[in-house]
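Novice:
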Amino acid sequence: MKNSFTLFCLILFAVISSPAGYANDRPNFVIVLADDVGWDAFGCTGSPHARTPHIDQLARESVFMDRLYTSVSQCAPLRAEFYTGLLPMHNGVLANAQKEERTGVLNIADHLRPLGYRVGLTGKTHFKLGEKEFDRIEGFPGNANGDLPEYDLSGVRRYMTNAQSADSPFCIFICSVHAHHPWTVGDESHFPHAEVKIPPHYADTPATRKAIAIHAAEVEEFDRQVGDTRSLIKELALEKNTILIVLSEQGIAMPRGKWSPYEHGSRAVCIAHWPERFAPRKTSAIAMYCDFVPTFIDLAGGQPRVPLDGKSLKHLWLGQSVKHRQSALISNVHPFWQKAIVTEQFKLVWTGFPERDHIFSNFSSKKFFSVAWAEWNQMSSEDEYITARIRHVLHPKKHELYDIQKDPYEVHDLSENPDYAHTKEQLLAQLRQLMTVAGESLEPSQPVKKNRESTRKGRERRNRRNDPKAQRSNEDQER
């Protein structure tokens, strides 16, 4: 009898002391990741023209974070940060077009598989770091540069049910290609041009309104994918022990959006849903993409195998804390050397070469966002407001300061206002400190010029893209 009581106590202790409160509680993770969709693209973040009912409903029932930042607002470095828990200088992916070799880099599969997890991915990859590759799941298109409206969750379903049968927890990344250019998926008619919301740092022109509308149509498609994923989790009775996470990625490919350190490009949302475990609430706590790897490890009951830059969000999601980070570091080196620090109220942007025109070469391409930019320039001679918007894009000051609580689109620069001189100096000192910890040089550097070999490879990639029969890899996207 005494031995039975002792055994009962041991079992009870194991239940109470398990990572989330009961035995064998290793939650599944299902992450749905958008493509070129910023924080401001949804109804739940205030967009009056958005058609995102599934995401808006999920946000009301989840921990909803609207201050998630990526160090670099480009696809490859964002994913490197997301999947490794490391900042750019530590994982080696500094930009889509600038990478350096690093040793000892591990990815989320390297951390979770020793804990018994299956780790799979469907859709856009854009990632080749770590010791282990993700299991490849069929169903979502992997190339972000084409007309790809169709997707299929049957591969995800099989992966989930196989893991269930093996009594194995899983981590699945569902990586959409929406709303990446060319913006040809979805129904543009759902977004009458006269009714779309124009951000205050945009020039209001016909092509601008069309760009917003066709991008919003792709965001609506992404919303449908989120809704279908949630329905699948419910259908398989996995809700109780599955954390569903929706991430909006970097911003739209428009001026001061994608490729830039400004809020319209570097800020995202995170929706974390775990019924009965995460109390629904909205939080403006600052977080970064590198925080997810330590979060998953923490919730799975493990420890990181290597030091990470990220900080676990577990306690914030469980409601055991209000804040998370004091600040976030944004670290562009290509196409422009720009660094920024974001705090609860302010953002300071440091531009290394303010004499340069700060517009990326993609804006002279045949992509639709370049049509909008060309129209801005054509109309600027007749409209001083548009001229001011162009100047705002092309010629940032060496140091810019914004109150992002009052001015989230960073229209009103406070850097020369004497009332904010002390704030500016404080933030510049903190920015330098963050850069030092992240392994960055405090001296601005020009982008690495492509050599003849890289130019040849780029030409070969363009030829493959023009050949409908050619096989195109994820590494060839977004140049």
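In terms of the working numbering, the sequence shown opens at residue 583 and continues consecutively. Where a beta carbon is used, it is the ideal one built from N, C-alpha and C, also for glycine.
Which class does histidine 981 belong to by DSSP, given the choice of helix, strand or coil?
Specialist: Locating residue 981 in the sequence shown gives position 399, where the first residue counts as 1. Histidine 981 falls in the strand class under three-state DSSP.
Novice: Between leucine 1010 and glycine 884, is the Cβ-Cβ spacing less than 8 Å?
Specialist: In the sequence shown, residue 1010 corresponds to position 428, counting from 1. In the sequence shown, residue 884 corresponds to position 302, counting from 1. Taking 8 Å as the Cβ cut-off, leucine 1010 and glycine 884 do not qualify as a contacting pair.
Novice: Alpha carbon to alpha carbon, what distance is there between leucine 898 and glutamate 1025?
Specialist: As a position in the sequence shown, residue 1025 is number 443, starting the count at 1. As a position in the sequence shown, residue 898 is number 316, starting the count at 1. So the alpha carbons of these two residues sit roughly 35 Å apart.
Novice: Rounded to whole angstroms, what's the CA-CA distance from histidine 846 to aspartate 810? Just pull it up for me.
Specialist: Sequence index remark: in the sequence shown, residue 846 carries index 264 (1-based). Sequence index remark: in the sequence shown, residue 810 carries index 228 (1-based). Near 28 Å, if we compare the C-alpha coordinates of aspartate 810 and histidine 846.
Novice: Do glutamate 831 and aspartate 618 have their C-beta atoms closer together than 8 Å?
Specialist: What you label residue 831 is simply residue 249 of the sequence shown in a count that begins at 1. What you label residue 618 is simply residue 36 of the sequence shown in a count that begins at 1. In contact: glutamate 831 and aspartate 618 (Cβ atoms closer than 8 Å).
Novice: Quick check: the region 648 to 661 against the region 706 to 715, are there 3 or more CB pairs under 8 Å?
Specialist: The region 648 to 661, when compared against the region 706 to 715, does touch it at the 8 Å Cβ threshold.
Novice: Quick one: Cα of glutamate 1022 to Cα of alanine 691, how far?
Specialist: As a first step, residue 1022 is located in the sequence shown; it is residue number 440 there, counting from the start. As a first step, residue 691 is located in the sequence shown; it is residue number 109 there, counting from the start. For glutamate 1022 and alanine 691, the distance between alpha carbons rounds to 27 Å.
Novice: If we count the other Cβ atoms within 10 Å of its Cβ and call it buried at 16 or more, is lysine 807 buried or exposed?
Specialist: Reading the sequence shown from its first residue, position 225 is the one you call residue 807. Reading off the sequence shown, one finds glutamine at residue 807, where the question assumed lysine. Buried is the call here.
Novice: Would you list, in sequence order, the uninterrupted alpha helix (DSSP H) runs of no fewer than 4 residues that lie entirely inside the region 792 to 850?
Specialist: 845 to 848, all fully within the region 792 to 850.
Novice: Could you compute how far the alpha carbon of threonine 627 sits from the alpha carbon of asparagine 914?
Specialist: Translated into the one-based positions of the sequence shown, residue 627 becomes position 45. Translated into the one-based positions of the sequence shown, residue 914 becomes position 332. In a straight line, the C-alpha of threonine 627 is about 26 Å away from that of asparagine 914.
Novice: Would you grab the beta carbon distance between valine 993 and proline 782 for me? Rounded to a whole angstrom, and I think it's under 8 Å.
Specialist: If you number the sequence shown from 1, residue 993 lands on position 411. If you number the sequence shown from 1, residue 782 lands on position 200. With a Cβ gap of about 5 Å, valine 993 and proline 782 count as contacting.
Novice: Report the option in Pro609, Arg608, Tyr991, Ile613 whose CA atom is closest to the CA atom of isoleucine 853.
Specialist: For the purposes of this step, residue 853 is taken as the residue at position 271 of the sequence shown. Selected option, being the one with the closest Cα: Ile613.
Novice: Using CA coordinates, which residue listed in Tyr967, Ile941, Arg973, Ile912 is at the minimum distance from glutamine 1015?
Specialist: What you label residue 1015 is simply residue 433 of the sequence shown in a count that begins at 1. It is Ile912 whose Cα lies nearest to the Cα of glutamine 1015.
Novice: Can you round the beta-carbon distance between alanine 1098 and leucine 735 to whole angstroms, since I take them to be within the 8 Å contact cut?
Specialist: Since the displayed the chain opens at 583 and closes at 1061, residue 1098 lies outside it and no answer follows.
Novice: Is it true that the CB of valine 875 sits closer than 8 Å to the CB of arginine 704?
Specialist: Within the sequence shown, numbered from 1, the residue matching residue 704 stands at position 122. Within the sequence shown, numbered from 1, the residue matching residue 875 stands at position 293. A small fix is needed here, since residue 704 is threonine in this sequence, not arginine. Cβ atoms of threonine 704 and valine 875: not closer than 8 Å.
Novice: Suppose you measure from the CA of tyrosine 651 to the CA of phenylalanine 664; what does that come to, to the nearest Å?
Specialist: Locating residue 651 in the sequence shown gives position 69, where the first residue counts as 1. Locating residue 664 in the sequence shown gives position 82, where the first residue counts as 1. Going by the C-alpha atoms only, they are around 11 Å apart.
Novice: Using the C-alpha atoms, what's the distance from alanine 1003 back to glutamate 800?
Specialist: Numbered from its first residue, the sequence shown carries residue 800 at position 218. Numbered from its first residue, the sequence shown carries residue 1003 at position 421. Roughly 42 Å separates the two Cα atoms.
Novice: With tyrosine 741 and phenylalanine 752 assumed to form a contact (beta carbons below 8 Å), what rounded beta-carbon distance in angstroms separates them?
Specialist: For the purposes of this step, residue 741 is taken as residue 159 along the sequence shown, with counting starting at 1. For the purposes of this step, residue 752 is taken as residue 170 along the sequence shown, with counting starting at 1. Sure, about 7 Å apart at Cβ, within 8 Å.
Novice: Give me the Cα-Cα distance between lysine 792 and glycine 833, rounded to the nearest whole angstrom.
Specialist: Taking the sequence shown and counting its residues from 1, the one referred to as residue 792 is at position 210. Taking the sequence shown and counting its residues from 1, the one referred to as residue 833 is at position 251. Lysine 792 and glycine 833: Cα-Cα distance of roughly 17 Å.
Novice: Who are the near neighbours of asparagine 689 in its chain, counting only those whose CB is closer than 6 Å to its CB and skipping five residues on each side?
Specialist: Counting from one through the sequence shown, the residue named residue 689 turns up at place 107. So the list reads Tyr665, Thr666, Leu711, Gly712, once near-sequence residues are dropped.
Novice: Grouping DSSP H, G and I as helix and E and B as strand, with all else coil, what is asparagine 725?
Specialist: As a working mapping, residue 725 is identified with position 143 in the sequence shown. Residue state, collapsed to three classes: coil.
Novice: Taking the alpha-carbon positions, what's the tyrosine 871 to proline 1000 distance?
Specialist: Here residue 871 refers to the residue found at position 289 when the sequence shown is read from its first residue. Here residue 1000 refers to the residue found at position 418 when the sequence shown is read from its first residue. So the two alpha carbons sit approximately 34 Å from each other.
Novice: Pull up the CB-CB distance for aspartate 717 and glycine 702, whole angstroms please, since I reckon it's below 8 Å.
Specialist: For the purposes of this step, residue 717 is taken as residue 135 along the sequence shown, with counting starting at 1. For the purposes of this step, residue 702 is taken as residue 120 along the sequence shown, with counting starting at 1. That pair is a contact at about 4 Å.
Novice: With DSSP collapsed to three states, give me the class of threonine 877.
Specialist: Within the sequence shown, the letter at position 295 stands for residue 877. If DSSP states are grouped into helix, strand and coil, threonine 877 belongs with the helices.
Novice: Leaving out five residues before and five after histidine 772 in sequence, what residues of the same chain have Cβ atoms less than 8 Å from its Cβ?
Specialist: Position 190 of the sequence shown, counting from 1, holds the residue named residue 772. Cβ neighbours of histidine 772 beyond the five flanking positions: Arg633, Ala798, Ala799, Glu802.
Novice: Nearest-angstrom Cα distance between tyrosine 604 and lysine 929?
Specialist: If you number the sequence shown from 1, residue 604 lands on position 22. If you number the sequence shown from 1, residue 929 lands on position 347. Model confidence at tyrosine 604 stands at a pLDDT of 32, short of 50, so the residue's coordinates are unreliable and nothing is read from them.
Novice: Where leucine 1013 and alanine 819 are concerned, what is the direct C-alpha to C-alpha distance, given to the nearest angstrom?
Specialist: In the sequence shown, the residue the question calls residue 1013 occupies position 431. In the sequence shown, the residue the question calls residue 819 occupies position 237. Near 46 Å, if we compare the C-alpha coordinates of alanine 819 and leucine 1013.
Novice: To which residues of the same chain is serine 1036 closer than 7 Å at the C-beta, ignoring the five residues directly before and after it?
Specialist: Walking along the sequence shown from the start, residue 1036 turns up at place 454. Low confidence applies here, because serine 1036 scores a pLDDT of 48, under 50, leaving its location unreliable and the question unanswered by this model.
Novice: Give the DSSP bridge partners of methionine 870, in chain order.
Specialist: Sequence index remark: in the sequence shown, residue 870 carries index 288 (1-based). In DSSP, methionine 870 forms a bridge with Tyr651.
Novice: Please report how far the alpha carbon of histidine 906 lies from the alpha carbon of serine 894, in whole angstroms.
Specialist: Within the sequence shown, the letter at position 324 stands for residue 906. Within the sequence shown, the letter at position 312 stands for residue 894. One C-alpha to the other measures close to 9 Å.
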